[in-house]
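Numbering (my numbering), first residue to last: 618 to 1504.
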């Protein structure tokens, strides 16, 4: 472009010069020269080759225009010599050779991605690997490696695909994929789909505040990776996206929906590749090696993750197809957390303001937990929506018992509150001009305005006011803040977050809340006052209500030295009787029960069941009606127990004998010489004699138990027969048996042996094939008074059930308990009726796992116990001494 002898390295490249370079590189110099030479001939030839499309004409050449020019030239046929003579040459366009193929070793095809590891736009199983896609040109399809491109995100998009054969495997590897200009793709987030107006023909969505419509009649629907019949109900995902794809730019021919479900991680068992979740969600196996399911798990930015990367409170957003033979599973992990206080809440708009920032609320979020003024850690999913929360414990909150309040006299009355503080002092504080009451800014003059009854506030799920509907001040526990002038600027009242039908495992944590029912020491029950009545409600001192008892409460709440412990007298006017108690050791309910008219309320209970505050109400007048507890006396006497490992032949004094091999609660394998033992007693309080219905589940009865007639023959009386009903309950302990050959490995027995290991007594405690209801045995005094053989029935308590939650303080386990019948009887024909409830098992004693499929036992620790485990727990007195997990 200058001359044959001139080079100008500092000069700008002109449009004409750039065009000449590209035409020459393609080999068309001869033709361009015959068409007029530089520049007109080269420009004409370039136009013929269609390499000027989209390039700005004239002036200096920019980098952007040069890129377009080169891109247009990449797949043009090279013009090459095809014959040689003395004075002439023959040139022809080589349709099989281009700049791409000749110099870059890259081929080009025009087609569309029809399959990725996580989605397929055809009615065929997805078989491509995690780094592959399938591309179709309309007549044939080819599986290609995606390389460093976003090919897997372009399902259904018509594009130019540039690929290179791998030098080693000869597999095509995509180096670039460029959507065709006519293709159109629109991605819509789930919340912008207008579900009520969307049909199978038209999808309605919001864009920039305006409602838009997209024609989807005849389009193929790909839902969670698989082709489904078009269904308008599937076009509104709770979490995820809807992507519309058009090959021609007119109507959309493909609708891709990814619908995600959020799960909150509880814990992970790497050995079985199982993830356990909070809120009662079913565990999920995430197996990346399973050839029948394509699984991809990444963080929000797309970085791949494994199960080792997961931790408690991570939010897993899971998109998966239900067809087991062609399953896909796409998982996003988010561990983003925001700590703060809820300032505004709009459930209609699915938004919450945490401190000063607005966050969407995920549809999976349990919105009952969201309360104004609540201080918590909020866990966000991959879209940034609030999906879970846990209370922030230990925030700077100061507690006091509100004893009285009144407005000062004068022209400008000011509320003043008299309270017994956590420092054990009586204080009187005046209110500032405005006070933040339970998250709301209240003028001081309205602080002591008439409120609502405690029962109304409870049913409304809100915190109570300082006064009731008559204007009388309600003595109660409060949290407060004062400014430098000693004026109250903030007040919080506690409210009961639990309801009688709330699952036990959800009664955890609350921003200044009473999350557990009070304990009534007279009946060892928790109760909750919610019904209007004449009895004085005790919860927070604010709830007027009739006592309602619940059989499904926790048996343990922990009080530690950091717990604030208020002692409030029954006579509230006796100021000298108010006190603060300091717990020097860990205390549970079993140890804080004092006289029969004391009640405890538990506030700000953390996830490890440690109370932030306890209020002990002393000398409360007895209520009119007390529901008695089941007739349970915890034992003081017991014999050893063991997990049956099998029957062996051993030498005893050189003589072969048959012995029962057990793993004892002492942690040792013991051989028990069966000796003269003919049968084992079957502890009937634990045995499931007949089928038992628990809810909708029928628990199978054990066919191997029997009783003995006077002539020694075996029989099983019908539970409705006189023979059974007329047998005294206490006598049955000695009259129900099981044959030794029916004792199977994995069962639990209780035994007594002499110093030589020869069995003196043997009792069947638990059959894992027919797990019984919870057993309450009796103490030694009771057993002696009824004549029951102590050698058979050393007192003990055993539980079997399912682990619902694993905590540092113990194992929260769902078990079957005896329950009363509608007429108040505790049993039917002396046998306990089953009822599901929850109990906390401490992490003490020996732990073992029994393999239910292959048999065999191995010792474990509490760290190996996970949510969902089937578990048996055997106690001696108050110590748990043997736990067996059945897997």
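The C-beta atom is built at its ideal place from N, Cα and C for all residues, glycine as well.
Note that the coordinates shown come from a computational prediction; the quantities given were computed from them, not determined experimentally.
(request) Return the CA-CA distance between residue 968 and residue 975, expressed in angstroms with no decimal places. (result) In the chain shown, the residue the question calls residue 968 occupies position 351. In the chain shown, the residue the question calls residue 975 occupies position 358. Straight-line Cα distance between these residues: approximately 7 Å.
(request) From the DSSP output, in three-state form, read off residue 633 for me. (result) Counting from one through the chain shown, the residue named residue 633 turns up at place 16. In the structure shown, residue 633 sits in a helix (DSSP, three-state: H, G or I).
(message) What residue range does the alpha helix (DSSP H) around residue 1110 cover?
(response) As a working mapping, residue 1110 is identified with position 493 in the chain shown. Here residue 1110 belongs to no alpha helix (DSSP H); instead the beta strand (DSSP E) covers 1104–1110.
(message) What does the alpha-carbon distance come out to for the pair residue 783 and residue 760?
(response) For the purposes of this step, residue 783 is identified with residue 166 of the chain shown, where counting begins at 1. For the purposes of this step, residue 760 is identified with residue 143 of the chain shown, where counting begins at 1. Their backbone Cα atoms lie some 13 Å apart in a straight line.
(request) Helix, strand or coil for residue 793, going by three-state DSSP, please let me know. (result) Indexing the chain shown from 1 puts residue 793 at position 176. Three-state result, residue 793: strand.
(message) In the DSSP output, what is residue 841 paired with across the bridge?
(response) Sequence index remark: in the chain shown, residue 841 carries index 224 (1-based). The partner list for residue 841 (beta bridge, DSSP) is empty, contrary to what the question assumes.
(request) Give the DSSP-derived three-state secondary structure of residue 1478 in the structure shown. (result) Residue numbering aside, residue 1478 sits at position 861 when the chain shown is read from its first letter. Note: residue 1478 maps to coil in three-state DSSP.
(request) Report buried or exposed for residue 1308, applying the criterion of at least 16 other Cβ atoms within 10 angstroms of its Cβ. (result) In the chain shown, counting from the first residue as 1, residue 1308 sits at position 691. Residue 1308 should be labelled exposed.
(request) Report the three-state DSSP secondary structure of residue 651 (helix, strand or coil). (result) As a working mapping, residue 651 is identified with position 34 in the chain shown. DSSP places residue 651 in helix when its eight states are reduced to three.
(request) Quick one: grab the DSSP three-state call for residue 974. (result) Start at 1 with the first residue of the chain shown, and residue 974 comes out as number 357. In this structure, residue 974 counts as strand in the three-state DSSP scheme.
(message) Taking the straight line between their C-alpha atoms, what separation do you get for residue 778 and residue 838?
(response) Taking the chain shown and counting its residues from 1, the one referred to as residue 778 is at position 161. Taking the chain shown and counting its residues from 1, the one referred to as residue 838 is at position 221. Near 24 Å, if we compare the C-alpha coordinates of residue 838 and residue 778.
(request) Using three-state DSSP, classify residue 1499 as helix, strand or coil. (result) In the chain shown, the residue the question calls residue 1499 occupies position 882. Strand at residue 1499.
(request) Enumerate in chain order the residues of its own chain whose CB-to-CB distance from residue 748 is below 7 Å, with the five nearest sequence positions on each side excluded. (result) Counting from 1 along the chain shown, the entry for residue 748 is found at position 131. Same-chain partners within the cutoff: 762 and 763.
(request) Using the Cα positions of residue 1055 and residue 1020, report the straight-line distance between them to the nearest angstrom. (result) Sequence index remark: in the chain shown, residue 1055 carries index 438 (1-based). Sequence index remark: in the chain shown, residue 1020 carries index 403 (1-based). Cα to Cα, the separation comes out at about 19 Å.
(message) If contact is defined by three or more beta carbon pairs under 8 Å, each pair taking one atom from either stretch, is the stretch 881–888 in contact with the stretch 814–826?
(response) no
(message) Whether or not the stretch 957–968 and the stretch 917–927 are in contact is what I'm after, with contact meaning three or more pairs of Cβ atoms, one per stretch, closer than 8 Å; do they touch?
(response) no
(message) Suppose you measure from the CA of residue 905 to the CA of residue 914; what does that come to, to the nearest Å?
(response) As a first step, residue 905 must be located in the chain shown, where it is residue number 288. As a first step, residue 914 must be located in the chain shown, where it is residue number 297. The alpha-carbon atoms of residue 905 and residue 914 are separated by roughly 9 Å.
(request) Please report how far the alpha carbon of residue 574 lies from the alpha carbon of residue 980, in whole angstroms. (result) Nothing in the structure corresponds to residue 574, since the chain is present only between 618 and 1504.
(message) Along the chain, where does the alpha helix (DSSP H) containing residue 1041 start, and where does it finish?
(response) Within the chain shown, the letter at position 424 stands for residue 1041. From DSSP, residue 1041 is part of no alpha helix (DSSP H); its letter is neither H nor E.
(message) Distance check for residue 768 and residue 854, CA to CA, integer angstroms please.
(response) Residue mapping note: residue 854 aligns to position 237 of the chain shown, counting from 1. Residue mapping note: residue 768 aligns to position 151 of the chain shown, counting from 1. Cα-Cα distance, rounded: 24 Å.
(request) Taking residue 983 as the reference, give the member of 1476, 955, 1025 and 897 with the closest Cα. (result) Taking the first residue of the chain shown as 1, we reach residue 983 at position 366. Per the Cα distances, 897.
(message) Tell me whether the stretch 1283–1300 and the stretch 1374–1385 touch, counting them as touching only if at least three CB pairs, one residue from each stretch, are closer than 8 Å.
(response) yes
(request) Label residue 1193 either buried or exposed according to how many other C-beta atoms from any shown protein chain fall within 10 Å of its C-beta, with 16 as the threshold for buried. (result) Locating residue 1193 in the chain shown gives position 576, counting from the first residue. Exposed, because fewer than 16 other Cβ atoms sit within 10 Å of the Cβ of residue 1193.
(message) What does the alpha-carbon distance come out to for the pair residue 738 and residue 872?
(response) Residue mapping note: residue 738 aligns to position 121 of the chain shown, counting from 1. Residue mapping note: residue 872 aligns to position 255 of the chain shown, counting from 1. Their backbone Cα atoms lie some 9 Å apart in a straight line.
(message) To the nearest angstrom, how far is the alpha carbon of residue 953 from that of residue 1428?
(response) Residue 953 sits at position 336 when you count from the first residue of the chain shown. Residue 1428 sits at position 811 when you count from the first residue of the chain shown. If you take the alpha carbons of residue 953 and residue 1428, they lie about 28 Å apart.
(message) If you follow the beta strand (DSSP E) that residue 861 is in, where does it begin and where does it stop?
(response) To locate residue 861, count along the chain shown from 1; it is residue 244. Taken as a continuous stretch (DSSP letters only), the beta strand (DSSP E) holding residue 861 covers 857–863.
(message) Ignoring anything shorter than 3 residues, give me the beta strand (DSSP E) runs that lie fully in the stretch 713–739, in order along the chain.
(response) 724–733
(request) Determine the DSSP secondary structure at residue 1423, reduced to helix, strand or coil. (result) Numbered from its first residue, the chain shown carries residue 1423 at position 806. Note: residue 1423 maps to strand in three-state DSSP.
(message) Since residue 654 and residue 695 should fall inside the 8 Å C-beta cutoff, what is the C-beta to C-beta distance between them, to a whole number of angstroms?
(response) As a working note, residue 654 is residue 37 in the chain shown. As a working note, residue 695 is residue 78 in the chain shown. Not really, about 21 Å apart at Cβ, beyond 8 Å.
(message) With distance defined between alpha-carbon atoms, name the residue in 1040, 1421, 1036 and 1098 nearest to residue 1051.
(response) Counting from one through the chain shown, the residue named residue 1051 turns up at place 434. Checked all of 1040, 1421, 1036 and 1098; the closest Cα to residue 1051 is 1098.
(message) Here's a check: name, in chain order, each residue in its chain whose Cβ is nearer than 6 Å to the Cβ of residue 1467, leaving out the five neighbours to either side.
(response) Here residue 1467 refers to the residue found at position 850 when the chain shown is read from its first residue. Here the set comprises 1363, 1474, 1501 and 1503.
(request) Check the C-beta distance from residue 1039 over to residue 1181 and give it rounded, since I have them as a contact under 8 Å. (result) Taking the first residue of the chain shown as 1, we reach residue 1039 at position 422. Taking the first residue of the chain shown as 1, we reach residue 1181 at position 564. 5 Å between Cβ atoms; contact.
(request) Classify residue 808 as helix, strand or coil using the three-state DSSP reduction. (result) Position 191 of the chain shown, counting from 1, holds the residue named residue 808. Helix at residue 808.
(request) Assign residue 1359 to one of three DSSP states: helix, strand, or coil. (result) Mapped onto the chain shown, residue 1359 falls at position 742. If DSSP states are grouped into helix, strand and coil, residue 1359 belongs with the helices.
(message) Which of the three DSSP states is assigned to residue 911 in this structure?
(response) On the chain shown, residue 911 is found 294 positions in, with the first residue counted as 1. Strand.
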